[in-house]
Amino acid sequence: MDTFNFYQDCKVTCWERTRFSIKANSYEEAKAIILSWKDKDVNSRIGIDKDIVYSDYELNPETVEGLSPSENGNNPTMEIYGEADELLYDNMNMEDGI
22 MDTFNFYQDC KVTCWERTRF SIKANSYEEA KAIILSWKDK DVNSRIGIDK
72 DIVYSDYELN PETVEGLSPS ENGNNPTMEI YGEADELLYD NMNMEDGI
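Per our numbering, the sequence shown starts with residue 22, numbered consecutively.
Structural data, given as C-alpha coordinates:
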(Lines of atoms letter the chains of each structure in order from A and count residues from 1; the text may use other names and numbers.)
(Lines give C-alpha, C1' and ligand atoms only; values in the text may rest on other atoms or scores of the structure.)
Protein backbone atom coordinates (compact mmCIF):
# COMPACT_ATOMS: atom_id res chain seq x y z
CA MET A 1 0.00 0.00 0.00
CA ASP A 2 1.33 3.48 -0.91
CA THR A 3 1.18 6.66 1.13
CA PHE A 4 0.03 9.93 -0.41
CA ASN A 5 0.66 13.40 1.00
CA PHE A 6 -1.85 16.23 1.26
CA TYR A 7 -2.10 19.52 3.12
CA GLN A 8 -4.83 21.77 4.44
CA ASP A 9 -4.64 25.56 4.59
CA CYS A 10 -6.96 27.42 6.97
CA LYS A 11 -7.37 31.15 7.41
CA VAL A 12 -7.63 32.07 11.07
CA THR A 13 -7.41 35.01 13.41
CA CYS A 14 -5.07 35.03 16.36
CA TRP A 15 -3.25 37.44 18.62
CA GLU A 16 0.43 38.08 18.05
CA ARG A 17 2.82 39.63 20.54
CA THR A 18 5.85 41.77 19.69
CA ARG A 19 8.19 42.61 22.54
CA PHE A 20 10.23 45.78 22.16
CA SER A 21 12.05 48.48 24.09
CA ILE A 22 12.05 52.24 23.64
CA LYS A 23 15.16 54.30 24.35
CA ALA A 24 13.98 57.41 26.24
CA ASN A 25 14.84 59.59 29.23
CA SER A 26 11.91 58.24 31.28
CA TYR A 27 9.09 55.72 31.20
CA GLU A 28 6.61 58.56 30.70
CA GLU A 29 8.59 59.80 27.69
CA ALA A 30 8.68 56.26 26.25
CA LYS A 31 4.89 55.98 26.63
CA ALA A 32 4.46 59.37 24.95
CA ILE A 33 6.58 58.21 22.00
CA ILE A 34 4.35 55.17 21.51
CA LEU A 35 1.15 57.20 21.80
CA SER A 36 2.47 59.73 19.27
CA TRP A 37 2.48 57.09 16.52
CA LYS A 38 -0.54 57.64 14.33
CA ASP A 39 -1.16 53.91 13.72
CA LYS A 40 0.21 52.75 17.13
CA ASP A 41 1.90 49.80 15.32
CA VAL A 42 5.45 49.14 16.46
CA ASN A 43 5.95 46.64 13.62
CA SER A 44 5.87 49.48 11.11
CA ARG A 45 8.76 51.19 12.93
CA ILE A 46 11.18 48.37 13.77
CA GLY A 47 14.35 48.81 11.74
CA ILE A 48 13.45 52.41 10.87
CA ASP A 49 13.52 54.14 14.27
CA LYS A 50 16.89 53.67 16.04
CA ASP A 51 15.27 54.22 19.45
CA ILE A 52 13.14 51.08 19.12
CA VAL A 53 14.81 47.79 19.98
CA TYR A 54 13.01 44.62 18.86
CA SER A 55 13.10 41.78 21.42
CA ASP A 56 10.98 38.93 20.06
CA TYR A 57 7.72 37.96 18.42
CA GLU A 58 5.27 35.15 19.08
CA LEU A 59 1.84 33.94 18.02
CA ASN A 60 -0.49 32.85 20.80
CA PRO A 61 -1.93 29.49 19.68
CA GLU A 62 -4.56 29.63 22.43
CA THR A 63 -6.22 32.54 20.62
CA VAL A 64 -6.52 30.89 17.18
CA GLU A 65 -10.06 31.04 15.82
CA GLY A 66 -11.22 29.86 12.42
CA LEU A 67 -12.96 32.23 10.03
CA SER A 68 -16.05 31.51 7.97
CA PRO A 69 -16.13 32.49 4.30
CA SER A 70 -18.60 35.29 5.14
CA GLU A 71 -16.05 36.74 7.60
CA ASN A 72 -13.47 36.64 4.80
CA GLY A 73 -15.28 38.64 2.11
CA ASN A 74 -17.02 35.50 0.82
CA ASN A 75 -13.68 33.89 0.02
CA PRO A 76 -12.59 30.41 1.11
CA THR A 77 -11.09 29.95 4.55
CA MET A 78 -10.23 26.25 4.25
CA GLU A 79 -8.57 24.50 1.33
CA ILE A 80 -7.26 20.98 0.86
CA TYR A 81 -4.47 20.33 -1.64
CA GLY A 82 -3.04 17.18 -3.13
CA GLU A 83 0.05 16.37 -5.15
CA ALA A 84 1.59 19.20 -7.19
CA ASP A 85 -0.52 21.69 -5.19
CA GLU A 86 -3.74 20.46 -6.81
CA LEU A 87 -6.73 22.12 -5.13
CA LEU A 88 -9.10 19.32 -4.11
CA TYR A 89 -11.55 21.26 -1.98
CA ASP A 90 -12.36 24.69 -0.61
CA ASN A 91 -15.18 25.56 1.77
CA MET A 92 -16.66 28.22 -0.49
CA ASN A 93 -16.88 26.86 -4.02
CA MET A 94 -16.90 23.07 -3.77
CA GLU A 95 -19.43 20.96 -1.92
CA ASP A 96 -17.81 17.54 -2.22
CA GLY A 97 -14.55 18.34 -3.96
CA ILE A 98 -13.71 17.28 -7.48
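All C-beta atoms, glycine included, are put in the ideal place defined by N, C-alpha and C.
Check whether residue i and residue j have beta carbons under 7 Å apart
i, j, result
"valine 63", "threonine 39", "yes"
"threonine 84", "lysine 32", "no"
"phenylalanine 27", "glycine 103", "yes"
"isoleucine 54", "isoleucine 43", "yes"
Reference residue i; option with closest CA among the options
i, options, result
"asparagine 112", "Tyr78, Ser91, Glu104", "Ser91"
"alanine 51", "Gln29, Thr24, Val74", "Val74"
"asparagine 81", "Trp36, Asp30, Lys44", "Trp36"
"alanine 45", "Asp72, Asn95, Glu107", "Asp72"
"phenylalanine 25", "Ser65, Asn96, Ala105", "Ala105"
Any chain D beta carbon closer than 7 Å to residue i
i, result
"serine 91", "Structure shown: chain D not included; a single protein chain is present."
Beta-bridge pairing of residue i - partner residues as DSSP gives them
i, result
"threonine 34", "Glu86"
"aspartate 23", "Answer is none; aspartate 23 lacks a bridge partner."
For this session: Jot down the residue ranges of each uninterrupted beta strand (DSSP E) in the stretch 46 to 88, minimum 3 residues, whole runs only, in chain order.
Result: List check, beta strand (DSSP E) in window: 73 to 80.
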